[in-house]
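Take a look at the structure set out below.
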Amino acid sequence: MQLASNHRRCALGRRSFLALTGACAAAPLAFFDSARSATTAPAQPTSEEALALLVAGNKRFAAGAPQHHLELEARRKATAGGQQPFALILSCADSRVAPEFVFDQSIGTLFVVRVAGNYAATGGVGSFEYAVEHFHSPLLVVLGHEGCGALKATLDAVRTNQIIGGDLGEVVAALRSAVVAAKSEPGDPVENAIRANIRRTVAELPRMSTLLSEAAKTGKLSIRGAEYSQTSGLVSLL
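Pasting the structure below:
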């Protein structure tokens with residue numbers, strides 16, 4: 001996985017990766033052992049440990065060496081009595097961006113809300129409130145992606161002053177402010193809009209929910225933005 005700080009993208013070096021994966025020592029992968037029942041409710045990892053698990057899974061996916069697709073039957077049986085996802089993901093509905101595959105995770109490990117343009121909508125926010133309240137998941141990742149069609153359509157609508165009706169118009173309206181905010185930035189306008197939308201959504205989630213805001217303030221929840229590259233298979237943190 002590639003990481004970026006202060007809104008800059010950089011490659012995840014060996015030292016950075018070891019630092020992240022080392023954080024998992026206190027919450028080993030045995031936490032997700034398919035032989036364990038979800039009803040045993042083991043302790044959740046910290047947000048950094050959860051992030052490290054996603055980092056490692058994304059590296060496996062991008063390298064073409066996924067592991068967790070081999071254990072689906074066992075995980076299905078183990079989680080039949082309950083779930084305890086370690087990370088929450090708000091991702092685009094794009095059929096090419098499936099978080100369970102992108103992060104090489106199995107059944108019961110990710111709590112995923114998907115909507116075109118990966119923006120914060122009422123139903124999605126309520127779903128995350130439920131997960132934080134009941135599962136104590138420590139990490140929420142807003143996952144945008146390269147070449148997002150919803151952002152492209154919104155950019156076209158802004159450029160041409162086009163009015164789009166129906167529910168699709170609601171999606172465009174939700175994404176419009178991010179597109180407008182990114183218009184003056186140098187570089188590729190679509191990519192700029194994608195990143196602006198991710199950052200905007202990260203900021204909006206706690207503003208839309210007292211529960212998420214309090215969880216973030218007290219350190220129970222970390223909200224991070226990330227972008228998936230369909231070209232490389234890697235994810236970058238913003």
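Sequence positions in the sequence shown follow my numbering and run 1 to 238.
Even for Gly, the Cβ is constructed at its ideal location relative to N, Cα and C.
*Going by the CB atoms, is the gap between A50 and L139 shorter than 8 angstroms?*
Taking the sequence shown and counting its residues from 1, one reaches residue 139 at position 139. Taking the sequence shown and counting its residues from 1, one reaches residue 50 at position 50. Going by C-beta atoms, L139 is nearer than 8 angstroms to A50.
*If you draw a straight line from the alpha carbon of T154 to that of V172, how long is it in whole angstroms?*
Against the sequence shown, residue 154 aligns to sequence position 154. Against the sequence shown, residue 172 aligns to sequence position 172. T154 and V172: Cα-Cα distance of roughly 5 angstroms.
*Would you mind stating whether N161 and F103 have Cβ atoms separated by less than 8 angstroms?*
Stepping through the sequence shown from its first residue, residue 161 is reached at position 161. Stepping through the sequence shown from its first residue, residue 103 is reached at position 103. Cβ atoms of N161 and F103: not closer than 8 angstroms.
*Just reading off the alpha helix (DSSP H) that R176 is part of, what are its end residues?*
The count along the sequence shown starts at 1 and reaches residue 176 at position 176. Note, R176: alpha helix (DSSP H), 166-182.
*Mark D94 as exposed unless 16 or more other C-beta atoms lie within 10 angstroms of its C-beta, in which case mark it buried.*
Looking up residue 94 in the sequence shown gives position 94. Flag for D94 reads buried.
*May I have a chain-ordered list of the beta strand (DSSP E) segments no shorter than 3 residues that lie completely inside the region 75-113?*
Complete beta strand (DSSP E) runs here, min 3: 87-91.
*Does the region 115-123 come within contact of the region 84-98, defined as at least 3 CB pairs closer than 8 angstroms?*
yes
*Measure the beta-carbon distance from E146 to T201 and round it to whole angstroms, keeping in mind my assumption that it falls under 8 angstroms.*
Along the sequence shown, one-based indexing puts residue 146 at 146. Along the sequence shown, one-based indexing puts residue 201 at 201. 17 angstroms between Cβ atoms; not a contact.
*Closest residue to Y130 among R224, V235, L211 (Cα-Cα distance)*: Here residue 130 is taken as the residue at index 130 of the sequence shown, counted from 1. The option with the nearest alpha carbon to Y130 is L211.
*First and last residue of the uninterrupted beta strand (DSSP E) at G239*: Absent from the model: residue 239. The displayed extent of the chain is 1 to 238, so no value can be given.
*Are the beta-carbon atoms of V113 and S127 separated by less than 8 angstroms?*
In the sequence shown, residue 113 corresponds to position 113, counting from 1. In the sequence shown, residue 127 corresponds to position 127, counting from 1. Going by C-beta atoms, V113 is nearer than 8 angstroms to S127.
_Spatial neighbours of L20 in its chain, beta-carbon cut-off 6 angstroms, leaving aside the 5 residues before and after_ = Along the sequence shown, one-based indexing puts residue 20 at 20. Note on L20: pLDDT 44, under 50, position unreliable in the model; the coordinate value appears next. Exclusion of the five residues before and after L20 leaves A52, V55 as the residues of its chain whose Cβ lies within less than 6 angstroms of its Cβ.
*In terms of residues, what are the limits of the beta strand (DSSP E) holding L237?*
Numbered from 1 along the sequence shown, position 237 holds the residue referred to as residue 237. 235-237 is the span of the beta strand (DSSP E), which, as asked, contains L237.
_Neighbourhood of G219 by C-beta, 6 angstroms cutoff - its chain only, sequence neighbours within 5 removed_ = Numbered from its first residue, the sequence shown carries residue 219 at position 219. Hits under 6 angstroms: none found.
*Classify S222 as helix, strand or coil using the three-state DSSP reduction.*
Working through the sequence shown from its first residue, we reach residue 222 at position 222. In this structure, S222 counts as strand in the three-state DSSP scheme.
*Alpha carbon of S177 to alpha carbon of V158, nearest angstrom*: On the sequence shown, position 177 is the one that residue 177 refers to. On the sequence shown, position 158 is the one that residue 158 refers to. Spanning the two alpha carbons is a distance of roughly 10 angstroms.
*asked:* For a test of the three-state rule: what should DSSP assign to E227, helix, strand or coil?
replied: On the sequence shown, residue 227 is found 227 positions in, with the first residue counted as 1. In this structure, DSSP gives E227 an extended state, which the three-state scheme calls strand.
*Alpha carbon to alpha carbon, what distance is there between L151 and D167?*
Your numbering for residue 167 matches position 167 in the sequence shown. Your numbering for residue 151 matches position 151 in the sequence shown. If I take the Cα positions, the gap works out to 15 angstroms.
*Could you tell me which of Q44, K217, I194, P206 sits nearest to L237, measuring between CA atoms?*
Here residue 237 refers to the residue found at position 237 of the sequence shown. Of Q44, K217, I194, P206, the residue nearest in Cα terms is I194.
*With a threshold of 16 other CB atoms inside 10 Å of the CB of R207, please say whether the residue is buried or exposed.*
For the purposes of this step, residue 207 is taken as the residue at position 207 of the sequence shown. By the 10 Å Cβ count, R207 comes out exposed.
_I'd like to know whether the C-beta of Q162 is nearer than 8 angstroms to at least one C-beta of chain C._
Protein chain content of the structure displayed is limited to a single chain, and chain C is not contained in it.
*Mark A240 as exposed unless 16 or more other C-beta atoms lie within 10 angstroms of its C-beta, in which case mark it buried.*
The requested residue 240 does not occur in the structure, where the chain is confined to residues 1 to 238.
*Could you spell out the range, first to last residue, of the alpha helix (DSSP H) harbouring I198?*
Residue numbering aside, residue 198 sits at position 198 when the sequence shown is read from its first letter. 189-208 is the span of the alpha helix (DSSP H), which, as asked, contains I198.
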